[in-house]
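Protein chains in written order, with the working numbering: chain C, 3 to 241; chain A, 35 to 235.
Cβ coordinates follow ideal geometry from the N, Cα and C atoms, glycine included.
Note that the coordinates shown come from a computational prediction; the quantities given were computed from them, not determined experimentally.
Report on the structure given below.
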């Protein structure tokens with residue numbers, strides 16, 4: 003649970019230039035970066051795409067723990083996958099096969115940098131509000147109920163596990179885990195029903211969201227910076 | 035449970051787009067059902083939240099995902115929405131890339147739909163809900179643990195064996211752990227007299 007805890011804690015309290023960017027601009031530019039990376043074939047050019055995000059991370063100074071907790075599990079999976087691929091690729095294609103693995107590796111870490119920095123420097127509430135604003139009716143309500151239930155579910159989950167194990171074994175058993183899940187689920191559904199009723203009364207099922215998106219000068223600057231890095235990477239790296 | 039945790043940029047874009055295009059069918063059917071029956075929205079959102087919370091508990095080198103439980107409770111159409119919400123949330127946290135959400139949703143939805151189908155068959159044959167959930171979850175997740183290596187092999191134009199020998203054993207181990215947890219959860223829900231998991235619901 004540390005991943006979501008540290009993300010929520012950091013995202014809610016931070017007050018930096020990175021957090022003031024519009025989430026649509028930030029997530030949109032991250033998606034563009036990810037898509038442009040597919041077209042870049044030269045390994046040495048790919049880090050240019052990650053450069054704006056590294057600068058953003060340095061300026062906004064997210065806690066090192068939050069970055070590590072977010073970045074380490076996918077990095078380990080990527081490293082294990084590529085390490086498993088390498089011998090086979092070398093036997094099949096020689097050094098060209100290893101070059102492919104290296105390209106996947108650098109591209110994967112470049113995109114991961116962009117994604118993790120965006121996630122850590124965007125308030126989680128803003129991310130889900132944006133997702134709900136852009137999604138069609140039905141999915142938008144499901145997004146809102148998910149987001150609204152998540153913290154309650156996690157708190158309840160921890161609480162029930164503690165209550166079940168405090169007089170029993172030092173570690174929760176599978177029986178306790180299952181009972182905790184069932185209790186949390188049953189309790190959370192009734193609270194989500196009230197939340198959904200509130201969303202519906204306020205017009206949650208309408209085709210268009212109430213919130214209008216506002217963009218500032220910093221959003222324009224960030225768009226220009228990311229667009230520049232993409233143009234540079236595309237110009238130099240398609241070879 | 036078994037899904038492609040790879041970040042963006044590794045699976046080629048054409049495969050990612052194909053994943054989104056394919057998943058748009060079950061997702062559209064699920065959203066249609068959700069709009070027809072708005073009373074199910076709280077259950078869909080809550081199951082996604084519970085599933086996401088359970089994912090944050092590491093189990094050896096893997097994690098639970100509760101996709102068969104989602105399928106058993108929601109059925110095949112609504113579980114498509116719940117799975118999409120969870121996979122989107124994961125992608126927004128760097129757990130699997132944003133471009134891989136389509137492929138991951140197909141894999142996870144197949145677990146939910148398969149779990150639902152087998153659970154219905156087994157409870158229909160007279161097995162108790164807890165045991166039916168154990169067998170259905172374990173069987174479906176053990177089978178789907180073999181799928182991601184082939185998906186990655188086809189997408190990356192390489193052999194599936196390196197992934198089959200490294201990743202699949204962990205996923206099968208976790209599959210039976212998830213089966214036990216799902217079994218206990220379904221058993222507890224039945225004892226609590228919750229109507230969502232009764233065979234006829």
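_Rounded to whole angstroms, what is the Cα-Cα separation between residue 233(C) and residue 51(C)?_
The residue labelled residue 233(C) in the question sits at position 231 within the first chain. The residue labelled residue 51(C) in the question sits at position 49 within the first chain. Cα to Cα, the separation comes out at about 9 Å.
*Keeping to the same chain, check which residues put their C-beta closer than 7 Å to that of residue 235(A); ignore five residues upstream and five downstream.*
The residue labelled residue 235(A) in the question sits at position 201 within the second chain. Low confidence applies here, because residue 235(A) scores a pLDDT of 47, under 50, leaving its location unreliable; read the following figure in that light. So the list reads 229, once near-sequence residues are dropped.
*Between residue 133(A) and chain C, is there a C-beta pair that is closer than 8 Å?*
Mapped onto the second chain, residue 133(A) falls at position 99. Judged by the 8 Å Cβ criterion, residue 133(A) is in contact with chain C.
_Under the three-state DSSP convention, the category residue 165(C) falls into_ = Sequence index remark: in the first chain, residue 165(C) carries index 163 (1-based). Here residue 165(C) sits in helix by DSSP.
*Can you tell me which of 205(A), 62(A) and 75(A) puts its alpha carbon nearest to the alpha carbon of residue 201(C)?*
Position 199 of the first chain, counted from the start, is the residue given in the question as residue 201(C). The shortest Cα separation from residue 201(C) among 205(A), 62(A) and 75(A) belongs to 75(A).
*Does any C-beta atom of chain A lie closer than 8 Å to the C-beta of residue 46(C)?*
Here residue 46(C) is taken as the residue at index 44 of the first chain, counted from 1. Chain A contact via Cβ: absent.
*8 Å Cβ cutoff, residue 66(C) in contact with chain A*: Taking the first residue of the first chain as 1, we reach residue 66(C) at position 64. No, its Cβ sits nowhere closer than 8 Å to a Cβ of chain A.
*Rank 115(A), 82(A), 100(A) and 81(A) by C-alpha distance to the C-alpha of residue 174(A) and give the top, closest one.*
Translated into positions along the second chain, residue 174(A) becomes position 140. The residue with the shortest Cα to Cα distance from residue 174(A) is 100(A).
_Beta carbon proximity, residue 22(C) to chain A, threshold 8 Å_ = For the purposes of this step, residue 22(C) is taken as residue 20 along the first chain, with counting starting at 1. Residue 22(C) does not count as touching chain A.
*At which residue ranges does the segment 119–144 of chain A contain complete alpha helix (DSSP H) runs of 4 or more residues, listed in the order of the chain?*
none
*Measure the beta-carbon distance from residue 53(A) to residue 136(A) and round it to whole angstroms, keeping in mind my assumption that it falls under 8 Å.*
Your numbering for residue 53(A) matches position 19 in the second chain. Your numbering for residue 136(A) matches position 102 in the second chain. Their Cβ separation, rounded to whole angstroms, is 3 Å, which keeps residue 53(A) and residue 136(A) in contact under 8 Å.
_Inter-residue Cα distance where the pair is residue 103(C) and residue 97(C)_ = For the purposes of this step, residue 103(C) is identified with residue 101 of the first chain, where counting begins at 1. For the purposes of this step, residue 97(C) is identified with residue 95 of the first chain, where counting begins at 1. Those two C-alpha atoms are separated by around 10 Å.
*State the DSSP-derived secondary structure class of residue 77(A), mapped to helix, strand or coil.*
Position 43 of the second chain holds residue 77(A). Looking at residue 77(A) - three-state DSSP - the assignment turns out to be helix.
*Count the other C-beta atoms from every protein chain shown that fall within 10 angstroms of the C-beta of residue 79(A), then say buried if there are 16 or more, exposed otherwise.*
As a working mapping, residue 79(A) is identified with position 45 in the second chain. Counting Cβ neighbours within 10 Å, residue 79(A) comes out buried, since at least 16 surround it.
_Alpha carbon of residue 233(A) to alpha carbon of residue 217(A), nearest angstrom_ = Translated into the one-based positions of the second chain, residue 233(A) becomes position 199. Translated into the one-based positions of the second chain, residue 217(A) becomes position 183. Note that residue 233(A) has pLDDT 49, beneath the 50 cutoff, so the model's placement of it is unreliable and the number below is only indicative. Distance between the alpha carbons of residue 233(A) and residue 217(A): 14 Å.
*Please report the residue range of the alpha helix (DSSP H) in which residue 47(C) lies.*
Against the first chain, residue 47(C) aligns to sequence position 45. Counting along the chain, residue 47(C) falls outside any alpha helix (DSSP H), and DSSP gives it neither H nor E.
*Taking 8 Å as the CB-CB limit, is residue 180(C) close to chain A?*
As a first step, residue 180(C) must be located in the first chain, where it is residue number 178. Answer yes: the Cβ-Cβ gap between residue 180(C) and chain A drops below 8 Å somewhere.
*Measuring only between beta-carbons, confirm whether residue 233(A) sits less than 8 Å from chain C.*
By one-based count along the second chain, residue 233(A) stands at place 199. A caution first: residue 233(A) carries a pLDDT of 49, below 50, which makes its placement in the model unreliable, though a value can still be read off. Not closer than 8 Å to any Cβ of chain C, the Cβ of residue 233(A) fails to qualify, so no.
*asked:* For residue 143(A) and residue 114(A), what's the separation of their Cα atoms in angstroms?
replied: Residue mapping note: residue 143(A) aligns to position 109 of the second chain, counting from 1. Residue mapping note: residue 114(A) aligns to position 80 of the second chain, counting from 1. So the alpha carbons of these two residues sit roughly 6 Å apart.
_Reference residue 238(C); option with closest CA among 144(C), 60(C), 180(C) and 47(C)_ = Taking the first residue of the first chain as position 1, residue 238(C) is located at position 236. Ranking the options by Cα distance to residue 238(C), first place goes to 47(C).
_Chain-order list of residues whose beta-carbon lies under 8 Å from that of residue 169(A) (same chain, five-residue window excluded)_ = The residue you call residue 169(A) lines up with position 135 of the second chain. Cβ within range, chain order: 152, 156, 161 and 213.
*Assuming residue 42(A) and residue 113(C) form a contact by the criterion Cβ under 8 Å, report the distance between their Cβ atoms to the nearest whole angstrom.*
The sequence position of residue 42(A) within the second chain is 8, counting from 1. The sequence position of residue 113(C) within the first chain is 111, counting from 1. Yes, they are in contact, since the Cβ atoms of residue 42(A) and residue 113(C) sit about 4 Å apart, within 8 Å.
_What does the alpha-carbon distance come out to for the pair residue 150(C) and residue 197(C)?_
Within the first chain, numbered from 1, the residue matching residue 150(C) stands at position 148. Within the first chain, numbered from 1, the residue matching residue 197(C) stands at position 195. The alpha-carbon atoms of residue 150(C) and residue 197(C) are separated by roughly 8 Å.
*Tell me the start and end of each unbroken alpha helix (DSSP H) in the segment 89–126 of chain C that is at least 4 residues and wholly inside, in chain order.*
97–122
*Please classify residue 248(A): does DSSP put it in a helix, a strand, or coil?*
Outside the displayed span of chain A (35 to 235) sits residue 248(A), for which this structure offers no information.
*Classify residue 240(C) as buried or exposed, calling it buried when 16 or more other Cβ atoms lie within 10 Å of its own Cβ.*
Start at 1 with the first residue of the first chain, and residue 240(C) comes out as number 238. Exposed.
*Sort 46(A), 90(A) and 39(A) by Cα distance to residue 152(C) and report the nearest one.*
Along the first chain, read from residue 1 onward, the residue named residue 152(C) stands at position 150. The shortest C-alpha separation from residue 152(C) is found at 90(A).
*asked:* Against chain D, does residue 173(A) count as a neighbour if the rule is that its beta carbon must be under 8 Å from one of theirs?
replied: The structure shown has no chain D; the protein chains it does contain are C and A.
_Candidates 81(A), 68(A) and 45(A): closest to residue 106(A) by CA position_ = Start at 1 with the first residue of the second chain, and residue 106(A) comes out as number 72. That would be 81(A), whose Cα lies nearest to the Cα of residue 106(A).
*Should residue 109(C) be flagged as near chain A, meaning a C-beta pair shorter than 8 Å?*
The sequence position of residue 109(C) within the first chain is 107, counting from 1. Yes - at least one Cβ of chain A is within 8 Å of the one on residue 109(C).
*Endpoints, alpha helix (DSSP H) assigned at residue 162(A)*: The residue given as residue 162(A) occupies position 128 in the second chain. No alpha helix (DSSP H) contains residue 162(A), which DSSP labels as neither H nor E.
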